[in-house]
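Asks: In my numbering, the protein residues as written are 617 to 719. A virtual CB, placed ideally from N, CA and C, is assigned to each residue, including glycine. Got a structure for you, questions after.
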Amino acid sequence: MKSLTSRSVDLLRKEYPLVETVERFNSFTKRRHDLFGIIDILAVRDNEILMVQTTSKSNMRSRVIKIEDSDALPVLRKAEISIHVHGWYKENNRWRVKIIDLS
């Protein structure tokens with residue numbers, strides 16, 4: 617089964633020439649750590665940088681709150697970096713994504 621992050625990476629690669637997962641795994645604590653505490657994926661094209669937090673649709677609200685409470689958000693907005701939350705869910709046996717723009 618594909619992870620939600622890999623689903624977002626596949627989706628973004630259709631429109632962005634550079635897409636990379638930027639969360640890292642700490643083998644000591646056995647936990648994943650997001651870039652700036654809020655970002656899973658970085659995508660770049662032409663004059664745009666997009667940062668994405670990926671989750672399930674049911675968990676989107678908590679991720680939005682986490683990003684809005686982050687000290688990194690004002691800095692990223694000032695740098696005009698786009699920030700999205702991808703919420704994945706299954707509908708009629710197909711994977712769908714809801715996207716919230718926090719830019």
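Using the three-state DSSP reduction, which class does I654 fall into: helix, strand or coil?
Replies: Coil.
Asks: Beta-carbon of D717 versus every beta-carbon of chain B: anything under 8 angstroms?
Replies: Of the chains in the structure shown, none is chain B; there is only one protein chain.
Asks: Do you know whose CA, among R623, R712, S698 and M617, lies nearest N663's CA?
Replies: When only C-alpha atoms are compared, the closest one is S698.
Asks: Quick one: grab the DSSP three-state call for A659.
Replies: Residue state, collapsed to three classes: strand.
Asks: Taking the alpha helix (DSSP H) that R679 falls in, what are its first and last residues?
Replies: M676 to E684 is the span of the alpha helix (DSSP H), which, as asked, contains R679.
Asks: Beta-carbon within less than 7 angstroms of R679's beta-carbon, same chain only, minus the 5 sequence neighbours each way: which residues are those?
Replies: So the list reads Q669, T671 and V701, once near-sequence residues are dropped.
Asks: DSSP three-state call for D626: helix, strand or coil?
Replies: Three-state result, D626: helix.
Asks: Assuming L689 is part of the alpha helix (DSSP H), what are its boundary residues?
Replies: Element bounds for L689: A688 to K694.
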